[in-house]
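In what follows, a structure is listed as structure tokens, so that the remarks can point back to it.
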Amino acid sequence: MSDRTNALRIEERADGVAVVWMDVPGDSVNTLKEDFADEFAEAFSHLERTDTVKAVVFASAKNDSFIAGANIDMLDSVQRAEDAVALSRAGQAANDRIASFPKPIVAAIHGACLGGGLEVALACHGRVASSHRKTKLGLPECQLGLLPGAGGTQRLPRLIGVQAALDLLLTGKQVDARKAQKLGLVDEVVAPAIVVDVAIEHAKKRIGRAADAAPKLLDRLADTEALAELALTKNPLGRKVLFDQARKKLHEKTRGNYPAQERILDVVKVGLEDGMEAGLDAEAEAFGALVMSPESRALRSIFFATQELKKDSGVDDPEVQPKDVRHVGILGAGLMGAGIAYVTTTRAKTPVRLKDRDADGVLAGLRYVRDIHDGRVRRRRLTPMEADRLMMMTLGTRDYSGFHRCELVVEAVFEDLDLKQRMVRDVEAVGPQDVIFASNTSSLPITEIARASAHPETVIGMHYFSPVHKMPLLEVVVTDQTADWVTATCVALGKRQGKTVIVVKDGPGFYTTRILAPMMNEAAHILAEGVPVEAIDEAMLDFGFPIGPLKLTDEVGIDVGAKVGEVLREAFGERLSPPAGMERLIASGRKGRKNGRGFYRYDGKDRGVDETVYADLGIEPHQTLPAEEIAWRCTLQMVNEAALCFGEGILRSARDGDIGAIFGLGFPPFRGGPFRFVDSVGARTIVRRLRGYEARFGPRFRPAPVLVAMAESERTFHGAAPIAPGSLRTGSG
Ligand SMILES: NC(=O)c1ccc[n+]([C@@H]2O[C@H](COP(=O)([O-])OP(=O)(O)OC[C@H]3O[C@@H](n4cnc5c(N)ncnc54)[C@H](O)[C@@H]3O)[C@@H](O)[C@H]2O)c1
16 MSDRTNALRI EERADGVAVV WMDVPGDSVN TLKEDFADEF AEAFSHLERT
66 DTVKAVVFAS AKNDSFIAGA NIDMLDSVQR AEDAVALSRA GQAANDRIAS
116 FPKPIVAAIH GACLGGGLEV ALACHGRVAS SHRKTKLGLP ECQLGLLPGA
166 GGTQRLPRLI GVQAALDLLL TGKQVDARKA QKLGLVDEVV APAIVVDVAI
216 EHAKKRIGRA ADAAPKLLDR LADTEALAEL ALTKNPLGRK VLFDQARKKL
266 HEKTRGNYPA QERILDVVKV GLEDGMEAGL DAEAEAFGAL VMSPESRALR
316 SIFFATQELK KDSGVDDPEV QPKDVRHVGI LGAGLMGAGI AYVTTTRAKT
366 PVRLKDRDAD GVLAGLRYVR DIHDGRVRRR RLTPMEADRL MMMTLGTRDY
416 SGFHRCELVV EAVFEDLDLK QRMVRDVEAV GPQDVIFASN TSSLPITEIA
466 RASAHPETVI GMHYFSPVHK MPLLEVVVTD QTADWVTATC VALGKRQGKT
516 VIVVKDGPGF YTTRILAPMM NEAAHILAEG VPVEAIDEAM LDFGFPIGPL
566 KLTDEVGIDV GAKVGEVLRE AFGERLSPPA GMERLIASGR KGRKNGRGFY
616 RYDGKDRGVD ETVYADLGIE PHQTLPAEEI AWRCTLQMVN EAALCFGEGI
666 LRSARDGDIG AIFGLGFPPF RGGPFRFVDS VGARTIVRRL RGYEARFGPR
716 FRPAPVLVAM AESERTFHGA APIAPGSLRT GSG
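First residue of the sequence shown: 16, per this note's numbering; consecutive thereafter.
Structure below.
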């Protein structure tokens with residue numbers, strides 16, 4: 016065997032089956048790297064030559080992971096599309112070697128079998144998977160703006176049919192073993208302990224049979240779905256209908272912002288119409304183009320940033336250790352408190368005391384948690400027994416019993432400074448001596464809340480997003496007094512709760528709320544100019560936001576938005592002033608979706624714009640503005656505010672600012688976040704645009720000093736000589 020990379024070990028058994036164990040040295044999971052090619056080739060030559068080997072099983076020696084994918088680090092060094100095409104060609108060749116191997120090869124899949132890993136498994140002649148929860152199969156490449164470049168776009172449709180394949184390819188979703196079996200992706204699902212043994216049996220049964228990694232659709236002819244699939248894919252008209260519909264559905268979702276998905280459709284279609292070889296050519300070409308695309312670069316940068324954040328303790332001093340948190344107290348069992356209880360028990364596996372002021376409040380919180388579990392039980396993600404066990408980890412209470420044990424208390428009561436300060440005093444009276452008090456306030460300064468504390472170094476913000484069990488971000492907010500060990504402890508807990516965590520400095524609106532407010536405010540200004548509601552929201556959807564700013568205002572609550580806006584205006588002055596007429600909207604009793612009266616209608620099925628909103632605002636929707644102009648104005652408000660935060664040192668890095676905006680506010684991921692957006696457009700262009708708007712609309716568009724400095728010096732936020740956070744303070748406001 017080759018000793019070049021030592022990723023493969025061959026066990027030649029007496030029964031004629033050789034098990035190829037993959038075990039990449041030094042890593043906890045297997046990922047495919049470019050330099051394995053020689054070792055793979057050598058291994059398969061050896062297996063082909065060795066007469067005593069009659070069949071092969073491909074398995075992983077790692078715990079709970081088959082092959083987690085190809086290593087994407089190598090893509091960043093790719094300078095030209097041709098080099099990426101060559102990478103794809105090499106992957107295709109390696110998998111072709113497996114697919115056309117003269118002896119049967121069966122994959123024994125236990126754990127993550129994703130991306131390049133699934134492409135290897137698809138090239139094998141059979142697949143057996145373990146029923147373990149960690150066994151997941153999928154082709155997530157599109158989430159990085161890429162497509163599977165080692166034959167996956169061709170083998171998957173041939174194995175499971177075009178419709179099912181497109182569903183996996185275009186979403187990047189992962190399926191468990193049972194679902195994979197239903198799709199025809201794996202042949203059998205067995206207990207983890209016997210997955211290799213059963214794969215060996217499958218391999219033996221195939222000895223002497225022609226190698227076939229070919230479609231199984233004809234075997235499933237009794238299946239009506241398979242028949243429909245044949246009707247759709249085997250005649251040109253059916254195919255046209257299928258691809259036209261898929262393209263239309265895709266466009267509704269992506270609005271043309273995600274080229275990878277478009278290319279996947281093209282490439283699958285080529286393979287279906289012109290054969291495997293043409294399909295593989297198209298796949299390699301498209302892979303090359305996508306690797307070089309700005310969308311993929313941005314999406315890959317987000318992936319790397321989240322990987323980095325997983326290793327970041329949240330403080331600069333590497334000596335600081337987080338404290339063990341074994342019991343968490345939560346104050347307020349409302350929407351947020353209950354959501355935080357859910358992620359603490361279910362993901363962080365830490366018991367919770369959930370306190371509200373009365374029994375109804377406690378019960379409502381517990382019901383909220385129970386409902387999430389029940390949903391998962393229905394979807395078979397959880398057994399009823401596991402749900403019961405998790406429920407037992409949340410103890411509801413109306414008093415502070417049990418709080419003497421809680422090393423950390425998250426406060427999620429009403430947004431009221433006096434109340435929150437009272438909570439600080441209560442918790443310090445009953446809790447352990449150095450209990451951490453973490454407030455989930457969305458707008459009150461943590462420094463103010465900490466004034467009530469005898470130990471302000473233990474007071475911090477843990478700003479979660481709603482709904483807590485779905486939103487990926489946690490913004491940890493530190494004051495000048497917060498101790499590093501407190502920050503590190505909250506960051507560690509947040510990660511255990513499954514969150515991507517950024518640490519920001521205390522200040523009005525922290526980071527996320529602060530950069531969202533001017534964007535929402537700009538939307539209100541554009542509305543006040545007479546541009547219709549739907550034109551504004553549609554423009555932002557086209558730009559890549561998941562929800563338009565006015566629809567979002569309805570969701571957050573028009574009253575809540577106005578209140579936060581007021582707090583920020585007090586802090587930052589006129590640049591956050593709402594347009595005239597907004598106060599009439601509030602006075603008219605419109606609060607958004609929660610009271611069924613907002614910019615949109617919430618009665619019956621029609622969820623269109625509520626046309627009566629214009630009269631309340633005292634405007635006529637008469638104005639048309641190009642969608643691009645709307646998107647630029649709103650986005651630049653957010654980007655400029657993010658740059659101000661950067662200059663003031665609110666952020667620890669541009670990376671955190673990008674992640675916060677994408678994961679907390681839905682900034683278009685394919686644009687990489689506000690800071691990558693500036694880098695890709697160029698600070699000079701951004702400043703020129705801001706100055707143009709400043710001349711027309713006034714000082715709310717005054718460019719942040721850091722942007723001006725960057726435009727003059729041609730520096731970037733990311734890149735080779737990045738500008739440092741906190742280096743330029745605001746001059747605006
Ligand atoms: N809803 C959001 O989207 C969101 C997002 C981030 C942060 N926040 C912040 O989270 C906090 C809670 O928001 P929410 O949406 O969950 O509100 P909510 O009204 O749903 O819940 C607040 C809960 O606090 C309880 N409560 C009030 N006084 C109490 C006391 N003295 N002791 C114990 N419980 C008490 C109430 O009974 C209620 O159940 C607020 O500070 C809010 O600004 C909300």
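Backbone N, C-alpha and C fix where the C-beta goes; we use that ideal spot for every residue, glycine too. These numbers were taken from a predicted model, which means no experiment stands behind them.
Distance between beta carbons of residue j and residue i, contact taken as under 8 Å
i, j, result
"Gly-106", "Gly-160", "Contact flag wrong, Cβ pair sits at about 17 Å."
"Val-39", "Val-72", "Between Val-72 and Val-39 the Cβ distance is about 18 Å, and since that is not below 8 Å, they are no contact."
"Val-340", "Thr-365", "6 Å"
"Ala-293", "Val-285", "5 Å"
"Cys-505", "Ala-467", "About 19 Å separates the two Cβ atoms, so there is no contact after all."
"Asp-673", "Arg-691", "6 Å"
Beta strand (DSSP E) segment containing residue i, residue limits
i, result
"Ala-123", "120–124"
"Lys-370", "367–370"
"Asp-191", "189–191"
"His-478", "474–479"
"Val-143", "141–145"
Reference residue i, options the options, closest by Cα
i, options, result
"Asp-212", "Ala-74, Gly-223, Pro-333 and Asp-331", "Ala-74"
"Leu-654", "Pro-636, Glu-635, Ala-630 and Arg-686", "Leu is not the amino acid found at residue 654; the sequence shown has Val there. Ranking Pro-636, Glu-635, Ala-630 and Arg-686 by Cα distance to Val-654 puts Arg-686 first."
"Gln-336", "Arg-715, Arg-148 and Ala-498", "Ala-498"
"Phe-441", "Asn-455, Asp-431, Glu-430 and Glu-426", "A small correction: the amino acid at residue 441 is Asp; Phe does not occupy that position in the sequence shown. Ranking the options by Cα distance to Asp-441, first place goes to Glu-426."
"Ala-550", "Val-491, Pro-636 and Thr-528", "Pro-636"
"Ile-634", "Gly-545, Ile-562 and Phe-690", "Gly-545"
"Pro-593", "Ala-538, Glu-643 and Asp-621", "Ala-538"
"Ala-96", "Gly-303, Pro-689, Ile-113 and Cys-505", "Gly-303"
"Lys-249", "Gly-290, Val-93 and Gln-196", "Gly-290"
"Leu-183", "Ala-206, Lys-151, Glu-203 and Ala-214", "Lys-151"
Other residues of its chain near residue i: CB distance less than 7 Å, five sequence neighbours each side excluded
i, result
"Phe-480", "Met-486, Leu-488 and Gly-679"
"Arg-420", "His-342"
"His-484", "Gly-354, Tyr-357, Val-358 and Ile-387"
"Gly-572", "Lys-606, Gly-607 and Lys-609"
"Thr-409", "Ala-356, Thr-360, Val-367, Leu-369, Leu-381 and Val-384"
"Pro-482", "Gly-354"
"Ala-29", "none"
Secondary structure of residue i, DSSP reduced to three states
i, result
"Thr-462", "helix"
"Thr-269", "helix"
"Leu-583", "helix"
"Lys-151", "strand"
"Lys-520", "strand"
"Thr-731", "coil"
"Ile-634", "coil"
"Gly-347", "coil"
"Glu-203", "strand"
Own chain, CB closer than 6 Å to residue i, minus 5 neighbours either side, in chain order
i, result
"Leu-583", "Pro-523, Gly-524, Ala-532 and Leu-591"
"Asn-21", "Pro-40"
"Met-16", "With a pLDDT of 42 at Met-16, under the threshold of 50, the modelled position of this residue cannot be trusted, and the question is left open."
"Asp-552", "Gly-563, Leu-565 and Lys-566"
"Leu-640", "Val-546"
"Ile-25", "Ala-33 and Val-35"
"Leu-236", "Its pLDDT being 48, under 50, Leu-236 is placed unreliably by the model, and the measurement read from it follows with that caveat. Within the same chain, Leu-236 has no close Cβ partners at all."
"Ala-180", "Leu-171 and Pro-172"
"Gly-756", "Only positions 16 to 748 of the chain appear in the structure, and residue 756 is not among them; the question remains open."
"Leu-233", "Only weak support is given to the placement of Leu-233: the predicted model assigns it a pLDDT of 49, under 50, and the value that follows is read from those uncertain coordinates. Contacts found: none."
Residues near residue i by beta carbon distance below 8 Å, same chain, minus five either side
i, result
"Val-68", "Glu-27, Gly-31, Val-32, Ala-33, Leu-62 and Lys-118"
"Glu-134", "Gly-106, Asn-110, Leu-154, Pro-163, Ala-165, Gly-166, Gly-167 and Arg-170"
"Arg-704", "Trp-647 and Leu-651"
"Lys-510", "Lys-325 and Val-516"
"Asp-18", "Here the model assigns Asp-18 a pLDDT of 46, short of 50, so the residue's position is not dependable, and the following value carries that caveat. Closer than 8 Å at Cβ, skipping near neighbours: no residue."
"Thr-745", "Per-residue confidence for Thr-745 stands at a pLDDT of 46, beneath the threshold of 50, marking its modelled position as unreliable; no derived number is given."
"Arg-278", "Leu-162, Ala-301, Ala-304 and Leu-305"
"His-733", "Ser-316, Ala-669, Arg-670, Phe-690, Arg-691 and Asp-694"
Extent of the continuous alpha helix (DSSP H) run through residue i
i, result
"Ile-597", "Strictly speaking, residue 597 in this sequence is Met, with Ile absent from that position. 597–602 is the extent of the alpha helix (DSSP H) around Met-597."
"Arg-711", "698–712"
"Leu-23", "Unbroken run through Leu-23 is the beta strand (DSSP E), 23–27; no alpha helix (DSSP H)."
"Cys-505", "499–511"
"Ala-218", "210–221"
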